[in-house]
Every structure is written in structure tokens, then in C-alpha cells.
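Same order as they appear, the protein sequences are chains A and B.
Take the first sequence: its letter number 225 is residue 225 in this note's numbering, and every next letter is one higher.
Plus 273 on top of the position in the second sequence (first one is 1) and you've got this note's numbering.
From the three backbone atoms N, C-alpha and C, an ideal C-beta is built for every residue, glycine too.
Every value quoted in this text rests on a predicted model; they were computed, and no experiment measured them.
Structure first, commentary second.
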Amino acid sequence: MREILRNPAGLVGSFLLVIVLSAAVLGPFVAPYDPQQFHAASRLQGPSAAFWLGTDQYGRDLLSRLLNGAPATVLFGLGATALGVGAGSIIGVIAGVAGGRVDSIIMRVLDGLLAMPELLFTLLIVTFLGGGTSQAMLAVAVTFTPGMARISRSAVLSVRTRDYVQAAIARGESRSWIVGREVLPNALGPIIVEATIRVSFAIMIGATLGFLGLGAQPPSTEWGLMVAEARQFMFRNPWCVAVPGVAIAITAMGFNLFGDALRDAFDPRRRRI
Amino acid sequence: MTAPQDDRPVLQISGYSLAYETPEGTVAALDDVTLDIRHGETHALVGESGSGKSSLAWAILRYLPANARETTGEILLSGEDLRAKTQAQMEALRGRRIAMVFQDPSAALNPAMRLGDQIAEVFMRHRGMSRDAAWAAGLAALEHTGILHPDRIMRRYPHEASGGEKQRVVIATAFACNPELIVFDEPTTALDILTAQQILDLFLRLRAETGVAALYISHDLELVGRIADRVSVIHNGRIIEAGPVHEVFSAPRANYTRDLMAAVPRPEMRIAVPEPAPAPPLLRVSGISVSYGGPGRIARMLGRAGQPFYGARDVGFDIRPGELLGLVGASGSGKSTMAQVISGLREFEGEVAFGDRRFHARRAFDRDYRRAVQIVFQHPDASLNPRQTIGGILSRPLRLYGLVPRAEVPARVRELLETVLLPPEFASRYPHELSGGQKQRVAIARAFAAEPQLVICDEITAALDVSVQAAVARLLTGLQRRSGAACLFITHDLNLIRQLAHRIAVMQKGRLVDSFDVAEAESPARHPYTRALLQAVPLPAELQGAPAP
């Protein structure tokens with residue numbers, strides 16, 4: 001952890017993450033107004049003493065909506081990543097450990113899936129499953145699976161040929177011991193790092209789906225949906241698009257920078273002697 | 274050698290100190306180093322890993338990492354202060370007045386450029402030649418190294434040339450502009466014995482012709498004794514002792530130098546266990562072949578039968594109980610392939626007979642066989658799981674084979690650590706907290722923990738410093754004496770194996786070409802390849818002799 005904070009990117013990333021996560025945990029309790037309450041008298045206003053970040057087309061307080069939307073948005077990112085990384089690593093580890101024909105078949109199928117652009121693939125799945133937050137989450141997770149499988153397979157492969165694994169094979173260890181105790185603990189680093197970076201992608205894809213009306217449905221306070229709903233009023237009050245947009249950017253950047261720093265900290269070659 | 278023509282040294286380093294800033298604080302790399310090299314002189318810098326010898330080379334070439342801090346001293350090239358030069362001035366100087374030859378030629382050459390272009394580049398950069406003229410000059414330079422078919426080599430890419438050919442190209446590049454000084458950073462360590470010998474001959478010839486001053490970095494004392502005029506022994510960033518080679522080596526003043534000299538393996542100083550009584554062989558391998566890259570099923574169906582490459586072909590030898598068999602050969606000769614076959618890590622054809630049991634496939638090896646045959650690998654850094662404690666690593670064979678009751682495992686681990694001369698507290702440490710030599714001791718302890726009848730040692734001393742090497746070899750024979758286990762010791766170091774082994778088997782290109790009792794090593798009946806290998810490594814006795822001719 002100290003290693004991450006010494007890195008300037010890691011410091012900024014951790015700082016942004018702390019802001020976003022505290023907003024996600026405390027947001028709904030500290031929000032000044034009810035996020036769905038209309039203030040008909042003050043619609044599409046800029047920041048003021050009453051409404052710190054302004055109001056949207058129905059006169060709803062943007063700050064309150066933002067804080068209420070934080071848990072949903074962040075949970076969406078974390079949930080989709082956890083599902084995708086979980087499924088992907090299991091497939092990848094099986095391919096890497098089994099090797100031979102099993103490996104070839106799994107990887108060719110995954111190559112086929114990878115050939116489709118990520119967003120297009122997600123859209124395809126969402127259209128199939130229908131709109132909604134959990135469907136969108138599932139779609140993002142499915143999209144992440146092939147990439148994660150590839151990464152965890154290569155992590156396993158690079159560990160599998162190390163001498164300590166060879167020593168375990170020569171000792172006559174059981175397969176489950178070799179995978180569980182010798183290979184996996186040493187292959188987890190790159191998987192965890194990649195997962196952190198992917199949280200930011202998940203949030204962005206989630207926001208995109210929300211924007212296209214395929215993710216969360218109104219009157220949800222999901223950030224992507226906030227941008228989508230407000231876009232026709234962008235020229236009358238830019239704040240109602242900018243506020244959720246910036247929030248998405250900050251969250252994505254926080255996870256991204258943190259993931260980068262985490263990778264640097266895990267990689268001994270990047271450490272100075 | 275050539276008499277100094279100029280009183281001023283080509284390279285003069287005086288009172289030079291260097292430190293690195295790390296997150297853990299400032300670490301001194303070089304401390305008050307003073308050294309000078311005259312025209313035509315070869316100055317050897319001898320030290321173990323981490324002694325600062327490479328730091329000094331980079332300091333001379335002015336290519337230090339950003340966290341390096343130079344505190345005192347100066348570095349003069351023919352009287353010019355290198356520390357005062359700008360980046361641009363140094364770039365013009367490198368390759369023209371100072372050149373460097375690296376340890377690993379395959380890492381020093383650009384894999385995406387033809388060898389000829391890489392030599393010609395030096396002429397174009399520093400002599401301002403046109404492409405064609407530079408190519409011709411490069412060809413002449415390469416021809417001069419005595420390489421076969423220089424025009425063909427020029428058109429090849431690095432991966433199409435052998436290690437020796439690549440190192441000749443690197444040397445031709447270094448000598449291209451007749452520099453005043455060349456820094457050699459262990460130029461022969463990455464090559465096998467016979468090629469290394471040819472590269473050394475080339476170095477001696479070019480040095481005599483050009484009169485270049487050379488700083489020769491090495492950890493190999495016998496080699497330094499043959500080629501250098503003067504030597505500086507460096508330890509922990511400090512020059513411990515310096516002087517003419519024969520003086521330093523025949524009468525070392527510093528204790529450290531004396532220890533280093535004592536650690537050089539000498540065939541006449543046997544440290545082997547006594548010759549075991551004649552007995553039926555413990556392990557007999559016969560007709561072992563291992564092939565790589567044979568045609569796959571689909572390729573065969575299409576009638577495309579590729580030629581498989583044989584890592585080992587029809588190899589057979591036996592090991593008697595309690596014996597130490599040495600297996601030697603150049604890199605790629607199939608020594609390690611045999612280690613993998615016997616330890617059950619690679620599929621093979623042929624027969625492995627152990628005691629009265631016979632195995633014909635890798636899958637047939639059961640847990641009993643695997644307990645009785647243990648392996649120790651070359652790289653101690655890679656052979657211990659970084660996420661397990663030393664205690665965890667050592668207790669694994671005990672638990673796996675149920676050798677001691679569960680409650681007595683920690684006590685047995687402490688005992689094992691003591692037998693390999695490590696403190697019992699190490700049980701709670703992780704591998705990265707240990708030095709290379711200590712890690713190798715742990716790997717040896719793990720092998721002997723299984724109470725094996727045969728231990729395979731695959732180049733276990735190759736990655737270690739000379740002084741540590743000798744200690745590890747002694748430890749191994751000590752354990753052998755105590756446990757009565759036989760040992761298959763794979764190495765390319767002939768002097769070391771003649772100290773350790775009872776019998777020696779020689780492999781070349783996947784085949785076993787010779788096998789003999791160690792006492793008969795010098796016999797004229799030896800296979801020509803064995804004789805060539807033996808001639809390429811001089812006996813260290815020559816170190817004590819008169820100055821090199």
C-alpha cells in the first residue's frame with residue numbers, strides 16, 4: 001500500500017477512490033433533498049446556495065441525485081467486474097492448467113467472442129435479455145469473461161513452468177495441491193490488477209447503456225441515465241449534463257489510476273533497486 | 274605485452290564513489306575506487322555479484338540510472354574528464370573512443386536488424402561513411418575476427434547466428450573504430466566452454482594488433498590469470514587489492530583474495546565421498562530418447578511429416594548406490610533433458626530401471642519412485658515458491674510422504690535447517706529474504722528431507738558466486754556421506770566435477786559420447802570431444818605460475 005501511495009498516479013487514484021467510495025456509502029444519508037422531489041420554481045438552474053450543483057429540468061436537486069446514484073453506479077461497476085472476473089478466471093485457469101486440446105478448444109471459442117467489439121457485444125446481450133440494471137450487469141460480465149480468461153490463462157501459464165511447480169510435480173504432488181497452493185497464489189497478482197482497471201470500464205459501459213436507455217430505467221438516479229435524460233436541456237443548463245458526466249469520469253479515472261499503480265507495485269521489475 | 278607508448282593512462286579513475294538512492298535509503302555502490310589502465314594494458318576487475326563491478330562499467334560509459342549519485346572522484350579518458358561531458362559529447366564518444374562488449378550477445382544485438390547493418394551503423398555514425406562503404410568496412414572488420422563466411426553472416430539476423438558468431442559480431446563492432454578503451458563485461462560467461470575459448474583467443478589477437486586498453490570484468494579467476502596484466506579485486510564497492518596479476522595471485526595480501534583463490538575448484542583437491550563398494554546399479558537408464566516438435570496428428574494426416582528434434586537420443590548410463598556421477602556437456606547437449614526424464618518431468622522412450630523396478634513411461638513413476646529420486650534445480654530464485662515460508666517448503670516432503678509424525682514436523686524442519694548450516698529461525702522467513710546461496714541450501718535440504726536414494730543436481734552451482742559454489746559443493750558431499758544417497762551431478766564446470774565425481778559421463782548434441790572413471794580423465798583413450806573440453810579449461814595450478822607469456 002505504501003508503494004502505491006508513493007507513486008503520484010497511485011496517490012491521485014486513491015484520493016479519487018476515497019471520495020467516490022465515501023459518496024457511495026454515505027451519499028444517500030447526507031443528500032440535502034429527496035432526489036425525486038420537484039422544485040417547480042427553480043428548474044434548470046445553475047449552482048446556488050440552495051442547490052449547490054444546480055437543478056435539472058424538473059427542478060430536482062442535482063447534488064442529491066448524484067449522491068443517491070453513487071451506490072448504484074459503483075455497485076454496478078464492482079458487481080459486473082466481480083462476475084466477469086470470477087467466470088473468466090475460472091475458465092482461464094482450467095484452460096491454463098489442463099493444456100493440450102482442452103486449452104485449444106476453450107481458447108478458440110474465446111477468440112471468437114473477443115473478435116466482437118466490447119460495446120456491440122454488450123448491446124447484443126442486453127437486447128437479448130431486455131433492459132434493466134441486473135440484465136446490463138450480466139451483459140457487461142459476459143463481455144468481460146473472454147478477456148479475463150485470456151489474462152488469467154497467461155498468468156497461469158507463466159507460473160506453471162517455474163521451477164517450484166516443476167519441483168512439486170517431481171515430488172508427486174496431487175493436481176489440486178499444485179493448482180491451489182503452487183500456481184494460483186502466484187498467478188493472482190495480474191488478475192487482481194486487471195480487475196481493478198476493468199471496474200472503470202464496467203462503470204463506463206454501464207453509463208453508456210443507461211444513456212442508450214438499455215440499463216437502469218427512469219426515474220433511477222444512475223449517472224449514465226442522468227446524462228441521457230438531461231441531454232435535450234444541455235444548452236439551457238450545461239450543469240445537468242456536466243455534473244453526472246464529471247462524476248463518471250472521476251470514478252473511472254480513480255479506479256484506472258489505482259489499478260495502474262497496483263500493477264506497478266506488483267511488478268518487481270518496475271521497482272528500483 | 275605491448276610497452277606503454279604514452280605515460281598518460283588511457284583510463285584514470287581516482288577516488289570515485291557512487292551511491293544509489295532507493296526507497297530504503299542511500300546504498301553505496303562504489304567507495305573510493307582508484308584504478309588506471311595504460312595503452313595496450315588489460316586490467317581485470319574481479320568480484321562477486323553485487324560487488325559493484327558493473328556499476329563501475331556504467332559509470333565509465335556515463336550511462337547511470339536516474340537514482341545514481343556520484344559523490345567524489347573523477348574519471349579521465351586520456352586526461353579528459355568524462356564527468357564534465359554533456360550527453361551529446363558522450364554519444365559521440367561512445368563507440369568511437371570507448372566501446373563495450375556485453376555478457377550476453379543475444380541481448381546486446383537488435384533482433385530486428387541484420388548483423389551487417391549493426392556493424393555498418395558504427396561506421397556510418399562515427400566515420401560518416403556512406404552505407405555501401407560502411408557495409409564494406411563492416412565486412413572487413415568481421416572478416417578480421419576469423420569468422421567463417423563473413424559475407425553470409427552479415428546478411429543474417431541475430432536469431433540465425435550461433436552464440437559464438439554473435440559475440441564475434443559484437444567484438445567486431447567494439448573494435449570497429451579503433452577505440453582507446455574497451456570495457457568487457459564477462460564476455461564469455463554466456464557461451465559454452467569451447468566457444469568461450471575461441472572468443473578469448475580472438476580477444477588476445479585483436480588486443481595484440483590494436484594495442485587497445487581493456488577493462489575486463491569477470492568473476493572467473495583462472496581466466497583472468499591467463500589474459501590480464503593487472504588485476505583489481507573488488508568487494509562491496511571497494512578495491513581490496515590491486516597489482517600485477519601474477520603478484521596478486523601468487524601472493525595475495527588481502528584475506529578476501531585468499532578466500533576467493535581457495536574457492537576456485539581444483540581437480541586434485543577431491544571433496545568427494547569415498548568410492549562406494551561395488552554393487553548392482555541403483556538406477557540404470559537405457560535407450561532413452563526424447564524428441565520435440567514431432568509432426569502432430571493433423572500434419573501426419575496431411576502427409577506433412579516434419580523431422581522431430583531430439584533432445585536426447587539413445588542415452589544409457591547407470592548410477593551405483595552412494596556414487597556421484599557427473600554429467601557434463603555444452604549447453605543444449607541434453608544434460609538437463611536427462612534430469613527431467615529421470616525426475617519424471619518429461620515424456621520419454623526407453624527404459625528407466627530403479628532397483629528391481631522398470632519404468633517405460635512418465636506416467637508409470639509412482640509416489641515411491643518420486644520420493645526416492647529428488648531433484649535440485651539450477652536457479653534457487655525460481656525453485657522455491659515465493660509465497661510459502663521456508664518452514665512450509667521444508668515440511669512439505671515430510672507431510673507428503675508421511676516421513677515423520679505430524680507433531681514432530683517442526684522439530685524435523687529445524688534439524689534439516691541445521692544440517693544445511695542455516696539458523697532454525699529461517700523457518701518463518703520467506704524466500705526473498707534469503708541470499709542466492711542460502712536459497713540453494715534450502716532447495717538441497719528439501720531434496721534430502723524426502724530421505725531419497727538418488728538426488729539429481731541440475732547445475733546447482735552455476736548461478737552462484739565462486740566462494741558460495743565451493744561451500745554448496747562441500748555441503749552436498751557432506752549430506753551424501755551422512756545419508757548414503759547417490760547423486761547425478763549435472764554441470765559444465767569440469768574442474769568442479771573432477772573434484773566431486775567418481776565417474777563422469779559426457780554428452781554432446783543429445784548423445785552420450787564418453788564415460789569414464791574420474792582418475793582416467795587425462796588418459797589418451799578419451800573421446801576427442803572430452804579432450805577438447807578438458808583442454809579448454811586450464812588447471813588453476815597455472816594461476817600460481819610465472820607471468821603470462
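Residues that DSSP places opposite residue i in a beta bridge
{"i": "B/T345", "result": "BP columns for B/T345 are empty, so no partner."}
{"i": "B/C760", "result": "B/L597 and B/V728"}
{"i": "B/V558", "result": "B/F590 and B/V625"}
{"i": "B/D377", "result": "Paired residue(s): none; B/D377 is not in a bridge."}
{"i": "B/Q647", "result": "B/V728"}
{"i": "B/T315", "result": "B/A487"}
{"i": "B/D309", "result": "B/Q285"}
{"i": "B/A508", "result": "The residue you asked about is not Ala; residue 508 of chain B is His in the sequence shown. In the DSSP output, where bridge partners are listed per residue, B/H508 has B/R511."}
{"i": "B/G632", "result": "The identity of residue 632 of chain B in the sequence shown is Phe, whereas the question assumes Gly. DSSP lists B/V625 as partners of B/F632."}
Beta-carbon proximity list for residue i, same chain, < 7 Å, skipping 5 on both sides
{"i": "A/R263", "result": "V193"}
{"i": "B/A805", "result": "L467"}
{"i": "B/L737", "result": "G709, G710, Q713 and V745"}
{"i": "A/P244", "result": "L66, W223, M226 and V227"}
{"i": "A/V246", "result": "none"}
{"i": "A/A230", "result": "D56, Q57, C240 and V241"}
{"i": "B/I763", "result": "L600, K608, S609, A612, C730, D731 and E732"}
Environment of residue i [buried if 16+ CB atoms lie within 10 Å]
{"i": "B/L421", "result": "exposed"}
{"i": "B/A302", "result": "buried"}
{"i": "B/R281", "result": "exposed"}
{"i": "B/A612", "result": "buried"}
{"i": "B/I371", "result": "buried"}
{"i": "B/M542", "result": "exposed"}
{"i": "B/F476", "result": "buried"}
{"i": "B/E706", "result": "exposed"}
{"i": "B/Y565", "result": "exposed"}
{"i": "A/M137", "result": "buried"}
{"i": "B/M534", "result": "buried"}
{"i": "B/N528", "result": "exposed"}
{"i": "A/M116", "result": "exposed"}
{"i": "B/G389", "result": "buried"}
{"i": "B/E433", "result": "exposed"}
{"i": "A/L17", "result": "buried"}
Chain-order list of residues whose beta-carbon lies under 6 Å from that of residue i (same chain, five-residue window excluded)
{"i": "B/A720", "result": "Q647, V649 and V728"}
{"i": "B/P517", "result": "R503"}
{"i": "B/F375", "result": "A381 and D458"}
{"i": "A/D260", "result": "A9"}
{"i": "B/E620", "result": "R635"}
{"i": "B/P653", "result": "G709, K712, Q713 and A716"}
{"i": "A/A187", "result": "A155, V156 and V159"}
{"i": "B/V252", "result": "It is not possible to answer for residue 252 of chain B, since the shown part of chain B is limited to 274 through 822."}
{"i": "B/A743", "result": "A536"}
{"i": "A/I106", "result": "A95"}
Distance between beta carbons of residue j and residue i, contact taken as under 8 Å
{"i": "B/A486", "j": "B/L284", "result": "6 Å"}
{"i": "B/G617", "j": "B/R635", "result": "6 Å"}
{"i": "B/H508", "j": "B/G346", "result": "Wrong, their Cβ atoms sit about 18 Å apart, outside the cutoff."}
{"i": "B/C450", "j": "B/L597", "result": "Actually they are not in contact, since the Cβ atoms of B/C450 and B/L597 sit about 50 Å apart, beyond 8 Å."}
{"i": "B/Y430", "j": "B/P384", "result": "7 Å"}
{"i": "B/G589", "j": "B/V558", "result": "6 Å"}
{"i": "A/A202", "j": "A/A149", "result": "Wrong, their Cβ atoms sit about 16 Å apart, outside the cutoff."}
{"i": "B/H312", "j": "B/G484", "result": "6 Å"}
{"i": "B/S606", "j": "B/Y583", "result": "No, B/S606 and B/Y583 are not in contact; Cβ-Cβ is about 12 Å, not under 8 Å."}
{"i": "B/L676", "j": "B/E724", "result": "6 Å"}
{"i": "B/S656", "j": "A/Y164", "result": "6 Å"}
Same chain, Cβ closer than 8 Å to residue i, five either side skipped, listed in chain order
{"i": "A/V102", "result": "I94 and A95"}
{"i": "B/S604", "result": "D465 and H765"}
{"i": "B/Y642", "result": "G617, F627, R630 and F632"}
{"i": "B/P423", "result": "L412, L415 and E416"}
{"i": "B/Q471", "result": "G437"}
For this session: Give a yes or no on contact between the stretch 69 to 77 of chain A and the stretch 216 to 225 of chain A, applying the rule of three or more CB pairs nearer than 8 Å.
Result: yes
For this session: Check whether the stretch 388 to 402 of chain B touches the stretch 438 to 456 of chain B, counting contact only when three or more Cβ pairs, one atom from each stretch, lie closer than 8 Å.
Result: yes
Exercise. Quick check: the stretch 51 to 60 of chain A against the stretch 229 to 240 of chain A, are there 3 or more CB pairs under 8 Å?
Worked result: yes
For this session: May I ask you to list, following chain order, the residues of the stretch 171 to 196 of chain A that have a beta carbon less than 7 Å from some beta carbon of chain C?
Result: Protein chains A and B are contained in the structure displayed, whereas chain C is not.
For this session: Pair every Cβ in the stretch 34 to 45 of chain A with every Cβ in the stretch 283 to 298 of chain B, then say whether three or more of these pairs are closer than 8 Å.
Result: no
Exercise. Is there contact between the stretch 322 to 337 of chain B and the stretch 352 to 365 of chain B, where contact requires at least three CB pairs shorter than 8 Å?
Worked result: yes
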